[in-house]
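Q: Here's a structure for you.
Protein chains: 2
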Amino acid sequence: MQESTRENIGQRRTAAETRDLIFQAASQILIDEGLSSLTLAKAAEQAGLSKGGLLYHFPNKVALIDAIFEYHNDIFERRLDELCAEEGHAPGAWLKAYARASVEQIIDEDTASLYASLFAAEEKYASAHAKMRQKYIDWQDKVENCGLDPNWAMLIRLTVDGLWFSEMHQYGPPNTQQRDWLITQIMELVDQHQ
Amino acid sequence: MQESTRENIGQRRTAAETRDLIFQAASQILIDEGLSSLTLAKAAEQAGLSKGGLLYHFPNKVALIDAIFEYHNDIFERRLDELCAEEGHAPGAWLKAYARASVEQIIDEDTASLYASLFAAEEKYASAHAKMRQKYIDWQDKVENCGLDPNWAMLIRLTVDGLWFSEMHQYGPPNTQQRDWLITQIMELVDQHQ
DNA sequence: TTTACTGTACCGACTGGACGGTTTACAAAA
DNA sequence: TTTTGTAAACCGTCCAGTCGGTACAGTAAA
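Each protein sequence line maps, in turn, to chains W and H. Residue numbers for the first sequence follow this note's numbering, so the first one is 6 and each next one is one higher. Residue numbers for the second sequence follow this note's numbering, so the first one is 6 and each next one is one higher.
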């Protein structure tokens, strides 16, 4: 995908561009209609190509699903890195960035809906689940080594995950005031336990 | 289901008993193979009857799924009531019971696997999702009114939910020592904020 | 500077299987 | 003799994946 700014000197789309188109199309279907509506035919149609065309880029549905997970994981982790850089290298910086990135993403209704579908997909697609489990293990490792008391760091991480979970599924989520209090308190807990 | 202890004076099974058999069969399929393997035919077979027999008790798959949710919700809430009674009526009793019931359930591998399937099912079955959302809203209401500072009570509830979430999906879950510390700390937080 | 060939990207009809739900027939208890 | 419960064949739909083929860009020998 390097220097894709050249804007097609020839008329043809690059494979990377098409794959991106497919990711966005598939994600939109997950947001609008959910996992059960994500069929190969529909994803292809939404991306503006045929099923055969889609299957040229992804050999089967599992490969597509896996790639979608990587795509969104990358987006989240890029944002995480950004926020981490903003926090500097103070103790707890990583955990604060994790909290901010999580809240930021899940506040958006579309993203929440997208993630709800992705988490549901993990039940069906074992490879995607394995990928996510590894992500969380990596994150937990960072949580334990970000300069805080490891036990407290984990507790705070689980609180953030609980907030995420409750916002994602709309399980008795906090209202705006409550959410603000929670975020402030989470940040304070980070400061208190370094 | 009242007084089903009578153990069939006639030979025939009662409808309630058959339904219970179906719930257990369906749950076992969810545990062993997951949501996509829960078909009407398979559930019937596992329960030891035919598809027609199953559809006599549940008019369609949605009705079956809904009933399975009610079945497991009832089990959880009965346990919650039990533990709540044990805690007496001290401030935070309900929240402590919620924490204990949650941990107790999710520690068991089969139950964790079952719930992972049930949560995934919510993405596909809107009525089940609505049911669960209402449950969480009710629980959040109890959390806010169990005698603690409402904000702190919510934070603690979200921590418990985060722990549940991480155990259920095996997302970087705590080890045994860490889990013990977390539970102790959660109980202590309840005591500190009443 | 045509011609022949190769690889990339894409198309769309088709197949085979799974699954939810219907229908019909039948058995036994009340 | 009606109600309750069970069985099993069958139907229609949906969908993942296959496959033969097209369009076109680049390349290189003729």
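Ideal Cβ positions, reconstructed from N, Cα and C, are used throughout, including at glycine. Keep in mind the model is a prediction, meaning the values are calculated, not measured.
Please report the straight-line C-alpha distance between H/Gln190 and W/Ile161, rounded to a whole angstrom.
A: 12 Å
Q: Between the stretch 108 to 128 of chain H and the stretch 120 to 134 of chain W, do three or more beta carbon pairs fall short of 8 Å?
A: yes
Q: Excluding five sequence neighbours on each side, which residues of the same chain lie with their C-beta closer than 6 Å to the C-beta of W/Leu194?
A: Ile161
Q: Would you list, in chain order, the members of the stretch 156 to 180 of chain W that have their beta-carbon closer than 9 Å to a beta-carbon of chain H?
A: Asn156, Trp157, Met159, Leu160, Ile161, Arg162, Leu163, Thr164, Val165, Asp166, Gly167, Leu168, Trp169, Phe170, Ser171, His174, Gln175, Tyr176, Gly177, Pro178, Pro179
Q: Got a sec: is the Cβ-Cβ distance from H/Tyr141 to anything in chain W below 8 Å?
A: For H/Tyr141, the answer is yes, since a Cβ of chain W falls inside 8 Å of its Cβ.
Q: Whose CA, out of W/Gln182, W/Ala72, W/His134, lies closest to the CA of W/Ala21?
A: W/Ala72
Q: Touching or not, the stretch 68 to 83 of chain W and the stretch 155 to 172 of chain W, by the rule of three or more beta carbon pairs under 8 Å?
A: no
Q: What separation, rounded to the nearest whole angstrom, lies between the Cα atoms of H/Gln182 and H/Asn150?
A: 31 Å
Q: At a threshold of 7 Å, does H/Trp99 count as lining the ligand SAH (C-beta to nearest heavy atom)?
A: With respect to the ligand SAH, the structure offers nothing, as it holds no ligand at all.
Q: Could you pull the start and end residues of the alpha helix (DSSP H) that H/Glu87 belongs to?
A: 66 to 92
Q: In angstroms with no decimal places, state the Cα-to-Cα distance between W/His62 and H/Leu43.
A: 31 Å
Q: Whole angstroms is fine: what's the gap from H/Ile188's alpha carbon to H/Gln175's?
A: 18 Å
Q: Just the C-alpha distance for H/Asp143 and H/Ala106, rounded to the nearest angstrom, thanks.
A: 16 Å
Q: Indicate whether H/Leu60 and H/Leu40 have their beta-carbon atoms separated by less than 8 Å.
A: no
Q: Would the stretch 46 to 58 of chain H count as touching the stretch 74 to 92 of chain H if we require 3 or more Cβ pairs under 8 Å?
A: no
Q: Can you tell which of W/Arg24, W/Glu38, W/Thr19 has its C-alpha closest to the C-alpha of W/Ser118?
A: W/Glu38
Q: So with Cβ pairs under 8 Å, would you call W/Glu82 a contact of chain H?
A: no
Q: Quick one: list the residues of chain W neighbouring H/Glu92, beta-carbon separation under 7 Å, in chain order.
A: Within chain W, no residue comes near H/Glu92; the closest Cβ sits about 21 Å away, beyond 7 Å.
Q: W/Phe74 and W/Ala158 - do their beta-carbons sit closer together than 8 Å?
A: no
Q: So is H/Thr19 buried or exposed if we call it buried at 16+ other beta carbons inside 10 Å?
A: When all chains shown are included, H/Thr19 counts as exposed.
Q: Alpha carbon to alpha carbon, how far is W/Pro178 from W/Leu35? Give it in angstroms, no decimals.
A: 22 Å
Q: Sort W/Ala48, W/Gln139, W/Pro96 by Cα distance to W/Asp196 and report the nearest one.
A: W/Pro96
Q: Output needed in chain order: residues of the stretch 34 to 62 of chain W with a Cβ under 8 Å from some Cβ in chain H.
A: Gly39, Leu40, Ser41
Q: By a C-beta neighbour count over all protein chains shown, 10 Å radius and 16 as the cutoff for buried, is H/Ala135 buried or exposed?
A: Exposed is the call here.
Q: Report the start-end ranges of each alpha helix (DSSP H) in the stretch 16 to 64 of chain H that is 4 residues or longer and not cut off at the edges.
A: Whole alpha helix (DSSP H) segments, 4+ residues: 20 to 37, 45 to 52, 56 to 62.
Q: Quick check on the DSSP output: what are the complete beta strand (DSSP E) runs of length 3 or more inside the stretch 100 to 127 of chain H, in order along the chain?
A: none
Q: If you draw a straight line from the C-alpha of H/Ala165 to the C-alpha of W/Arg84, how long is it?
A: What sits at residue 165 of chain H in the sequence shown is Val, not Ala. So the alpha carbons of these two residues sit roughly 27 Å apart.
Q: Take W/Glu12 and list the residues in its own chain whose beta-carbon comes closer than 8 Å to its own, dropping the five residues that flank it on each side.
A: Note that W/Glu12 has pLDDT 37, beneath the 50 cutoff, so the model's placement of it is unreliable and the number below is only indicative. Excluding residues within five positions, none has a Cβ falling inside 8 Å.
Q: Using a Cβ-Cβ cut-off of 8 Å, state whether W/Leu187 counts as contacting chain H.
A: At a cut-off of 8 Å between beta carbons, W/Leu187 contacts chain H.
Q: Would a check of beta-carbon distances place W/Arg138 closer than 8 Å to chain H?
A: yes
Q: Check whether chain W comes within 8 Å of H/Trp144, counting only Cβ atoms and requiring the distance to be less than that.
A: Judged by the 8 Å Cβ criterion, H/Trp144 is in contact with chain W.
Q: Does the CB of W/Lys101 have a neighbour CB from chain H at under 8 Å?
A: no
Q: Following the continuous alpha helix (DSSP H) through W/Gln183, name the residue where it begins and the one where it ends.
A: First-last of the alpha helix (DSSP H) with W/Gln183: 181 to 197.
Q: Measuring straight from C-alpha to C-alpha, what distance separates W/Met6 and W/Asp25?
A: Caution is warranted here: a pLDDT of 28 is assigned to W/Met6, below 50, making its placement in the model unreliable, and no coordinate value can be reported.
Q: Leaving out five residues on either side along the sequence, give the residues of the same chain with a beta carbon under 8 Å from the beta carbon of H/Ala31.
A: Leu43, Ala48, Gln51, Ala52, Leu69, Ile73
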